[in-house]
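Chains C and S supply the protein sequences, listed in that same order.
Under this note's numbering, think of the first position of the first sequence as 1, with each following residue one higher.
Under this note's numbering, think of the first position of the second sequence as 1001, with each following residue one higher.
Just so it is clear, CB atoms sit at the ideal spot from N, CA and C, and this is done for glycine as well.
Keep in mind that this is a model prediction, so the values were computed, not measured.
Inspection log for the structure reproduced underneath, given as structure tokens.
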Amino acid sequence: MTKLFIPLDSFAVACGADTIAEEFKRLVADRKLSIEIVRNGSRGMAWLEPMIEVETPDGRIAYGPIEPGEAETLVDAGVLSGAGHEKRIGKVEEHPFFRAQTRHTFKRCGITDPLSLDDYKAHGGLKGLERAIGIGAETVIAEVTDSGLRGRGGAGFPTGIKWKTVAEAKGARKYIVANADEGDSGTFADRMIMEGDPYCLIEGMAIAGVATGATKGYIYLRSEYPVAIDVMREAISRAHQAGVLGASVLGSAHVFDIEVRVGAGAYVCGEETSLLDSLEGKRGQVRFKPPLPAIQGLFGMPTVINNVITLASTPEILSAGAAAYKDMGMGRSRGTIPIQLGGNVRHGGLFEAPFGMTLGEIVNEIGGGTASGRPVRAVQVGGPLGAYFPVSLFDTPFDYEAFAAKDGLIGHAGIVVFDDTVDMMAQAKFAFEFCAIESCGKCTPCRVGAVRGYETVKKIIDGEHPAENLVLVEDLCNTMKFGSLCALGGFTPYPVMSAIRHFPEDFHGEPMRVAAE
Amino acid sequence: MVFQARYDEAEAAEIIGEHRHLEGPLLPILHGIQERFGHVSEEAVRQVAAALNLTRAEVHGVVTFYHDFRKAPAGRHVLKVCRAEACQAAGGDAIAGAIETALGVKFGETTPDGQVTLEAVYCLGLCATAPSAMLDRRIVGRLSEAKIGALVEEARL
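Below you can see the structure in the form of structure tokens.
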């Protein structure tokens, strides 16, 4: 039976993959074809989605982007045996976008049936967890520490140290919380791994459980991700039935359960302490730190709270060893990073590579420049709280410290590309507007600062004392940066100040005198 | 389609009962209530507060904090259009404007016939197939002026 892969990933579904799958199903039944349809994850080449793949003696042959209504013509053209067609892409592994990657965390994504545990195991799944159980908590933490893995949510905190703190903390029970509240515009890596390889996150959480003694895991998943919610819930239920989760994890003495909790549309809940309050059933307001969540987290208990990609990176680290991971990357940024290219970009999607590529290589060579064909003018890196980078900074290597040195951040590694029609003053206004909409309201710099910032940028747009008001905006940004309780208010100055600094011509041609920091 | 039903205390009690054993049950309960009745009414707030031994103010505070929960019924369909940066970069503002024109309402409003509520959403994670939207629970990417007609028509059904 030949396998036909049609992605269930949101990129594909949003462009008609469910309809396409139905059409193929009908054709297979009507014509009694010997075809098994597999709903796989996405290979990450989003501009080619929905991208179908056919298993042939020469390997998997891809076609895309497929549109609803095309199935019959494709079958008639012999696509099911890999025939030539204008939409034939060939083998994904040989595609330049794919070949240039180092697929570590996403090694199975798009290749396997996301919900098949057998498929998962056949592609190296559960080896990390098996090894973790075998070597014990201390060695697991040592491995994760040695790998150099840092939190992929944006803060870049060393994962091993967080785990060690939780392991050593005393508590009646401990928790593992996966932060799947991926609200940053331009990011979709968490969503893709949850839809395309959900067992990888489950395995990573179970490894964290083994390492810290936690027995319960929560995945706080945003309500804007309906496909990921469905896939993740089904995978957890199957993992339970198969004994991967439950009272005896893989037959060991470890107990570990996972539950999906759906968010309710608050961006700030991506901040770890407001996420914990939200899980507890409260308003998602930011907590004061200390105490750290590792000491007093969910329900006051020691809690590992990690981004989805952080957790999903650990199975491979455990199975292949820390050294292999550590050998990749640059400086203090070790391993691989799933870079997400979105917005006005020709080749948008997910590109996993070791740290260290320059921003220019990523945007121009991998991304192929803009989709509109116009020149790239700005890219926002790291979501709505990330800085706008001009083309003149495209030599910046993708690395936590290198970006910080340029007054930016890599955040969750999302890159949004803008062409030369972008109005940076409007983007600065939007940054404040977004902060005003999403502020949890607990601290004044964020709650009031965002609204005042929005009003002041509006005045500048209207040409009302632009020079004076720009000085006011900078002063306000300083207050927000240093006075806010969390990154929402604290980082909103990044997009605002970078827009003002790098694109002064958009602010009424009255370049601001920038104080050297 | 958003299900709108008359509030029923017994059904609400059932929803509360299904979730109350959970740790931190309030959000799952509120999601359940909204899914069943289309919104979280004042009666629901009272009943949930009483059942969980919380004050009405606490439950009200939670309901009003989150963008997803609504205190009043929405239209039969809810169309959420992404207004975040990646969609902006891909021409999303023009698309959003065209949708407002086609529906004859602004963001945050419901059409006079009660069919469609138009809302802004900040990121659906479809940033590489932007601009995007979500009609009830169905996601739509690569929105173009041409596609808007069909989407709006579907929302009006």
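- Note on Asn307 of chain C: 16 or more other CB atoms within 10 angstroms of its CB, so buried under the neighbour-count rule.
- A residue is called buried once 16 or more other Cβ atoms fall within 10 Å of its Cβ, and Thr456 of chain C is buried on that count.
- Going by beta carbons, Asp327 of chain C and Met424 of chain C fall outside the 9 Å limit.
- For Thr56 of chain C, the pairing in a beta bridge is given by DSSP as C:Gly59.
- Across the region 327 to 353 of chain C, CB contacts with chain S closer than 9 Å involve Gln340, Leu341, Gly342, Gly343, Asn344, Val345, His347, Gly348, Gly349, Leu350, in sequence order along the chain.
- Within chain C, not a single residue places a beta-carbon under 9 Å from that of Phe1037 of chain S; the smallest gap is close to 16 Å.
- At least one CB of chain C lies nearer than 9 Å to the CB of Tyr1066 of chain S.
- Taking Pro493 of chain C as the centre and dropping the five residues before and after it, the same chain places the C-beta of Cys477, Met480, Lys481 closer than 7 Å to its C-beta, in chain order.
- The count of Cβ pairs closer than 8 Å, one atom from the region 390 to 400 of chain C and one from the region 183 to 195 of chain C, stays below three, leaving the stretches out of contact.
- Contact of His1031 of chain S with chain C is assigned, a C-beta pair being separated by under 9 Å.
- Here Ala487 of chain C has Glu271, Leu385 as same chain residues with Cβ atoms under 7 Å from its own Cβ, once five neighbours each way along the sequence are excluded.
- Sequence-ordered contacts of the region 253 to 272 of chain C with chain S read Glu259, Arg261, Val262, Gly263, Ala264, Gly265, Ala266, Tyr267, Cys269 [C-beta pairs closer than 9 Å].
- Under the 9 Å criterion on CB atoms, Val227 of chain C is classed as interfacial with respect to chain S.
- Counted as a single uninterrupted DSSP element, the stretch harbouring Ile66 of chain C is not any alpha helix (DSSP H), since DSSP gives it neither H nor E.
- Gln1088 of chain S: not part of any beta strand (DSSP E); member of the alpha helix (DSSP H) spanning 1085 to 1089, first to last residue.
- Ranked by how close their Cα comes to the Cα of Gly134 of chain C, the residues C:Glu36, C:Asp181, C:Ala211 have C:Ala211 in first place.
- For Lys1147 of chain S, the uninterrupted alpha helix (DSSP H) segment begins and ends at 1145 to 1156.
- In terms of beta-carbon proximity, Val422 of chain C lines the interface with chain S, with at least one pair separated by less than 9 Å.
- An exposed status is given to Glu138 of chain C, since fewer than 16 other beta-carbon atoms sit within 10 Å of its beta-carbon.
- Beta-bridge partners assigned by DSSP to Lys216 of chain C: C:Tyr175, C:Asp257.
- Taking 8 Å as the upper bound for CB-CB distance, Val422 of chain C and Cys1127 of chain S are not in contact here, some 15 Å apart.
- Proximity of chain S to Val308 of chain C at the Cβ level (cut-off 8 Å) is not reached, the minimal Cβ distance being about 12 Å.
- The Cβ of Pro384 of chain C sits closer than 9 Å to at least one Cβ of chain S.
- Excluding residues up to 5 positions away in sequence, Phe355, Met357 lie with their Cβ nearer than 6 Å to the Cβ of Phe398 of chain C in the same chain.
- For Asp419 of chain C, the secondary structure class from DSSP, reduced to helix, strand or coil, is strand.
- For Gly1024 of chain S, at least one C-beta of chain C is nearer than 9 Å to its own C-beta.
- At a cut-off of 9 Å between beta carbons, Ile66 of chain C makes no contact with chain S.
- Annotation: Ser498 of chain C has no Cβ neighbours in chain S at a cutoff of 8 Å; minimum Cβ distance is about 13 Å.
- The residue among S:His1019, S:Ala1120, S:Glu1023 with its C-alpha nearest the C-alpha of Val1078 of chain S is S:Ala1120.
- With 16 or more other CB atoms across the displayed protein chains lying within 10 angstroms of its CB, Glu53 of chain C is buried.
- Excluding residues up to 5 positions away in sequence, Glu53 lie with their Cβ nearer than 6 Å to the Cβ of Arg60 of chain C in the same chain.
- Under DSSP, Val1116 of chain S shares a beta bridge with S:His1077.
- Taken through DSSP and simplified to helix, strand or coil, Lys458 of chain C comes out as helix.
- Across the set S:Arg1036, S:Ala1155, S:Glu1042, S:Tyr1066, the C-alpha of S:Tyr1066 shows the shortest separation from the C-alpha of Arg283 of chain C.
- Contact check for Gly408 of chain C against Ser498 of chain C passes: the beta carbons are separated by less than 9 Å.
- Taken through DSSP and simplified to helix, strand or coil, Ile437 of chain C comes out as helix.
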